[in-house]
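Those protein sequence lines, which keep their order, are chains A and B.
Letter by letter, the first sequence follows residues 14 to 407 in my numbering.
Letter by letter, the second sequence follows residues 525 to 831 in my numbering.
Written out below as C-alpha cells is the structure these notes cover.
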Amino acid sequence: MRILLPVTLVAALLAGTAAQAAEVKIGFVTTLTTGAAVIGKDQQNAVNLAVEHMGGKMGDLDVNVIFGDDGFKPETGKQATDKLVKQDDVTFVAGYIWSHVLLASRKSALDSGKFLISANAGPSPIAGKLCHENFFSTSWQNDQTPMAMGEVLNQQGVKSLYIMAPNYAAGKNMVAGVEHTFKGEIKGKDFTKWGKGAQLDFSAELAKAKASGAEGIFVFYPGKAGGAFIKQYQQAGLKDIMPLYTVFTVDGISLPKLQAANFEGVLGSKTTQHWDPSLDNAQNKRFVADFKAKHGSYPTFYASQAYDSMFLIKSAVEAVDGDLTDMDGMRAAMKKANYDSVRGKYTYGNNHMPIQNFYLREVVKDDDGNWTTNVVKTVYEAHQDPYAKDCPLE
Amino acid sequence: MDAALFFIQMFNGVQLGLLLFLVASGLTLVFGILDFVNLAHGSLYMIGAFVCASLTLLTGNFLWAVLIALPITAVVGFFIERIVVRRLYHRSHLDQVLATFGLILVLDTSAHLIWGPAGIAVPLPAWLDGRVELFSGFVVPSFRLLIIATGLVIAAGLFWLVNYTRLGMLIRAGASNRTMVSALGIDIQTLFTLVFALGAVLAGLAGMLISPITEASIGMGGEIIITAFVVIIIGGIGSMKGAFIAAIIIGLIDTMGRSFLDDLFKIVMSTEAAETSAPAVSAMLIYILMALILALRPQGLFPPKVR
Numbered sequence: 014m015r016i017l018l019p020v021t022l023v024a025a026l027l028a029g030t031a032a033q034a035a036e037v038k039i040g041f042v043t044t045l046t047t048g049a050a051v052i053g054k055d056q057q058n059a060v061n062l063a064v065e066h067m068g069g070k071m072g073d074l075d076v077n078v079i080f081g082d083d084g085f086k087p088e089t090g091k092q093a094t095d096k097l098v099k100q101d102d103v104t105f106v107a108g109y110i111w112s113h114v115l116l117a118s119r120k121s122a123l124d125s126g127k128f129l130i131s132a133n134a135g136p137s138p139i140a141g142k143l144c145h146e147n148f149f150s151t152s153w154q155n156d157q158t159p160m161a162m163g164e165v166l167n168q169q170g171v172k173s174l175y176i177m178a179p180n181y182a183a184g185k186n187m188v189a190g191v192e193h194t195f196k197g198e199i200k201g202k203d204f205t206k207w208g209k210g211a212q213l214d215f216s217a218e219l220a221k222a223k224a225s226g227a228e229g230i231f232v233f234y235p236g237k238a239g240g241a242f243i244k245q246y247q248q249a250g251l252k253d254i255m256p257l258y259t260v261f262t263v264d265g266i267s268l269p270k271l272q273a274a275n276f277e278g279v280l281g282s283k284t285t286q287h288w289d290p291s292l293d294n295a296q297n298k299r300f301v302a303d304f305k306a307k308h309g310s311y312p313t314f315y316a317s318q319a320y321d322s323m324f325l326i327k328s329a330v331e332a333v334d335g336d337l338t339d340m341d342g343m344r345a346a347m348k349k350a351n352y353d354s355v356r357g358k359y360t361y362g363n364n365h366m367p368i369q370n371f372y373l374r375e376v377v378k379d380d381d382g383n384w385t386t387n388v389v390k391t392v393y394e395a396h397q398d399p400y401a402k403d404c405p406l407e
Numbered sequence: 525m526d527a528a529l530f531f532i533q534m535f536n537g538v539q540l541g542l543l544l545f546l547v548a549s550g551l552t553l554v555f556g557i558l559d560f561v562n563l564a565h566g567s568l569y570m571i572g573a574f575v576c577a578s579l580t581l582l583t584g585n586f587l588w589a590v591l592i593a594l595p596i597t598a599v600v601g602f603f604i605e606r607i608v609v610r611r612l613y614h615r616s617h618l619d620q621v622l623a624t625f626g627l628i629l630v631l632d633t634s635a636h637l638i639w640g641p642a643g644i645a646v647p648l649p650a651w652l653d654g655r656v657e658l659f660s661g662f663v664v665p666s667f668r669l670l671i672i673a674t675g676l677v678i679a680a681g682l683f684w685l686v687n688y689t690r691l692g693m694l695i696r697a698g699a700s701n702r703t704m705v706s707a708l709g710i711d712i713q714t715l716f717t718l719v720f721a722l723g724a725v726l727a728g729l730a731g732m733l734i735s736p737i738t739e740a741s742i743g744m745g746g747e748i749i750i751t752a753f754v755v756i757i758i759g760g761i762g763s764m765k766g767a768f769i770a771a772i773i774i775g776l777i778d779t780m781g782r783s784f785l786d787d788l789f790k791i792v793m794s795t796e797a798a799e800t801s802a803p804a805v806s807a808m809l810i811y812i813l814m815a816l817i818l819a820l821r822p823q824g825l826f827p828p829k830v831r
C-alpha cells in the first residue's frame, strides 16, 4: 500500500497532464451581465454552436472554451483577460464586443504571448500603430462599415446628414468613417453618454436633428440603445422627413423586439454590413439554419463573427497538427484565412484586419413574416481599412 | 439657436424632470421619513417597467397594463418592506446600503430569470404614438405630453396628500420626529409599510412611463437611481417640494446641456475639441450643481423643518 499509493499518484498526475495536453484552451471574453448581456449571450450561443459543429474537436484536440465576462466595462474586461491568460493559461483569447474593452485588454493578452482574436471590436489604433503579429480580427475595422454607408448616401444623392453616436472609441470611429466618404454637408452631430448609465432617451438630440433640416440621419447605436433610438425616431415622426441610415443598430436582437411591439418605422431602413443571414454559402446556410432551430431567432452579426472566430482558430490548430507551441505555424495559417467563413472568402491585410466585401441591406419581412434583413447590393468589394498603412507589419 | 428649438428643448427638459420627480419623490419619502437608504428603489422602477411590459403584450393595451401593474408594484413593495426592509430600520446607513445593494442583485437576477436578458419593447396605442401640434411649429410626441400630464397630476396629488390629509400629517410628523409620533399611539409600522409601498408605486409608475420610450431592461434602475439621489440631495432630503423643484432643474440642466453646450463651446474652442468635451461636460453638469449645493447649502434647497 505504501509503495502503491505514490505510484498511483504519479500515474494519476501523468494521466492528468496527458489529458491537459490533448485539448486546446480558448478564452472568450464577452458581456454576460448588464443590459448588454443579450449580445454576449448571442455570441456565447454561436461559439457553442461552432464547437458543436466541429464535434468538439480541432484536429485531435478537444476544444475547451472558457468564457469571461467584461461587465460592459474596460477594467472588468481586462481583469477577465488577465484571469484567462494567467490562471487558465489559454492559447487563444477571443471575443470582445466593445472597442474600449478590447483596447484595455489588448496588452494583457499580447504581452504574455497569446493570440488575440477580436470577434467584434475593431478600434482604429489596433488596425494602425498598435497592430500586432498575434492579433487577428474576424469582424472589421470600425471605420469600414460606416465608410460603405457614406458611399451609399452619395449614390442615393443625399445632400446633408445629421449624425448621432455614443461617446466612446467605436462611436468616434463610426463617425470618422462616414465623414471620410460622405461628400454632402454634415448639418450637426451628437455624441451621447455611453457605458454604465448610458443615455437612452434621445428627445433633445432628435429635436436638434429635426431642426437642422438634414435630408437623412445616420446613427450607430449597438445593443438595446438601437431599439430605443428607433422607437423614439418613429414617435418623433421623423420617418417621413429624415430617412434613417444605420450601422450596427438594426440586428437580430432588436428586430424581433421591434416586431413584437409593432414598430414598423424600421421596415425599409438601410444598413451596411460585411455579412447578412441571407448570404448564399454552405457554411452560412448551416449556421443560420441551426442557430434559428436552436434559439428561435436569426443570429446577429455578433454571433456570426464569434462563430467565425472558432473556425479561424480551428484552421490554425489543424495546420500545425495540434502542436500548440508552434506559434509561427499557427500565425502563418491564420494569416491565410483558409477556412469557411460565413461571410464567404476574405483575405487578411498586413494588420490582420479582413479585406472583405460590404453589402447594403434593407429591413424586410421574411417568408414566415419575421422581420430580418436581406442584401440589396454590394457596396465595396475586397475593401481594406484606411489605417493599414500606419501598421509597420508586412 | 432658434426660439422654436429652445422651447422644444424646454419641453423635453420638463418631461425628463417630471419623470425624475416620480422616482425621486418615492426615494425622498422613504429616505426622509423612514430614515432608510434604499439603493434598490431603482429596482422597483425596473419591476414596474417589466410587469407593465408583460401586461401590455398580454392585454394588448398599454393603459390597462399600467392600471393593473400599479397595484402589483404596490404589493411587491409591501412584501419587500415586510420581508427585508423592516429588519433594517434600526441598523446603520452602511448596513442599509449593503443590504439594499444585495437586493438590487437579487431583483436584477430574478428579472433576468423571469424575463430573459433581452428586455421588452413596449408598444403604444396609435393615438399615443403620434404627435401633437401645440401651436405653430411646436410639434411634440403625444406620449411625452402624457408623461408631463401624469407627472403634474401626481405632483398635485402628492402635494394634497402630504399637506391636507391625515396620512400626510402623519408623514410630516414622522419626518420631523418619529419617536414622538409613535409615542402618541400611532401605528408607526403600518405607516412605514404604507409609505414604502407608495414609494414603490411611484417608482414603478416612472418605469412604466419610460418603457415605451426606451424599453424594459435589466439594470435600467441603476441608470436612474444615481440621478434620483442627486435630485433629493439638491432638493433637501425628505422634502416633496424640494424633490419637485430639483427634479425640474436637473431635467432642464441635463437637456439644455446636451442641446446647446457644444454650440457654446464652439465659440471658445475648435470644433473638434468642442464635440469631444461637450458631451463629457454636459454629463457632469448635474454633479457640479450637486457639489455646489453641498458646499454652499448642505441641507439642500428646501430642507424639511427641523426634526
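The beta-carbon is built from N, C-alpha and C at its ideal position, and this holds for glycine as well.
Predicted model, so just to flag it, every value in this text is computed and none were measured.
As a beta-bridge residue in DSSP terms, Asp203 (chain A) pairs with A:Met177.
Relative to Pro828 (chain B), the option among B:Val686, B:Leu729, B:Ile772 and B:Arg782 whose CA is nearest is B:Val686. Excluding residues up to 5 positions away in sequence, Ser137, Ala140 and Gly141 lie with their Cβ nearer than 6 Å to the Cβ of Tyr400 (chain A) in the same chain.
For Ala798 (chain B), the nearest beta carbon of chain A is not closer than 8 Å to its own beta carbon.
Under the three-state reduction of DSSP, Leu658 (chain B) is assigned to strand. Inter-residue distance for Thr313 (chain A) and Tyr258 (chain A) is about 18 Å (C-alpha atoms, whole angstroms). Boundaries of the alpha helix (DSSP H) around Gly766 (chain B): Met764 to Val792. In chain order, Ala49 and Ile52 place their CB closer than 6 Å to the CB of Gly236 (chain A), counting only its own chain and leaving out the 5 sequence neighbours on each side. Below the 7 Å Cβ cutoff, chain A contributes no neighbours of Pro828 (chain B), its closest Cβ being approximately 29 Å away. Taking a contact to require three or more Cβ pairs closer than 8 Å, the region 609-619 of chain B and the region 590-597 of chain B do not qualify as touching.
Here the alpha carbons of Ile678 (chain B) and Thr43 (chain A) stand approximately 42 Å from one another.
For Ile266 (chain A), the C-beta contacts it makes with chain B under 8 Å involve Ala642, in order along the chain.
Taken atom to atom, the span from the alpha-carbon of Ala122 (chain A) to that of Val106 (chain A) is near 7 Å. DSSP, read as helix, strand or coil, puts Ser150 (chain A) in strand.
Sorting A:Asp339, A:Lys252, A:Gly40 and A:Gly250 by C-alpha distance to the C-alpha of Thr94 (chain A) places A:Gly40 at the top. Contact annotation: Ala721 (chain B) and Gly566 (chain B) have beta-carbon atoms that are not nearer than 8 Å. C-alpha of Ser216 (chain A) to C-alpha of Ala332 (chain A): approximately 54 Å in a straight line.
For the options A:Gly362, A:Tyr372, A:Ala274 and A:Gln154, the alpha carbon positioned closest to that of Ala650 (chain B) is the one of A:Ala274. Chain A has no Cβ within less than 8 Å of the Cβ of Pro649 (chain B).
Those residues of the region 653-668 of chain B placed with their C-beta closer than 8 Å to a C-beta in chain A are Asp653, Gly654, Arg655, Val663, Pro665, Phe667 and Arg668, ordered along the chain. Per DSSP, reduced to three states, the secondary structure at Gly40 (chain A) is strand. In this structure, the CA atom of Ala161 (chain A) is about 21 Å from the CA atom of Asn180 (chain A). Ser354 (chain A) is positioned such that its CB atom lies no closer than 8 Å to that of Gln286 (chain A). Annotated three-state conformation of Met366 (chain A) is coil, per DSSP. For Gln823 (chain B), there are no neighbours in chain A by C-beta distance under 7 Å, as the nearest C-beta there is about 27 Å away. Taking 8 Å as the threshold, the shortest C-beta distance from Ala345 (chain A) to chain B does not fall below it. From the listed residues B:Leu816, B:Ala767, B:Ile769 and B:Gly781, the smallest Cα separation to Phe204 (chain A) is found for B:Gly781.
Restricting attention to A:Ser173, A:Met366, A:Leu143 and A:Val388, the CA atom closest to the CA of Gly281 (chain A) is found in A:Val388. Excluding the 5 residues flanking it on each side, Arg702 (chain B) has same chain C-beta neighbours closer than 7 Å at Ile712, in chain order. In the assembly as shown, Pro405 (chain A) is an exposed residue. Its beta-carbon has fewer than 16 other beta-carbons within 10 Å. Among the bridge pairs identified by DSSP, Tyr361 (chain A) is matched with A:Pro367.
Assigned with DSSP and collapsed to three states, Arg356 (chain A) falls in coil, not helix or strand.
Any Cβ of chain B closer than 8 Å to the Cβ of Lys244 (chain A) would place that residue at the interface, and such an atom is present.
When Cβ-Cβ separations below 8 Å define contact, Asp214 (chain A) makes contact with chain B. For the region 578-596 of chain B, residues whose beta-carbon sits nearer than 8 Å to a beta-carbon of chain A comprise Leu581. Residue environment: Asp786 (chain B) is assigned as buried (16 or more neighbouring CB atoms within 10 Å of its CB, all protein chains considered).
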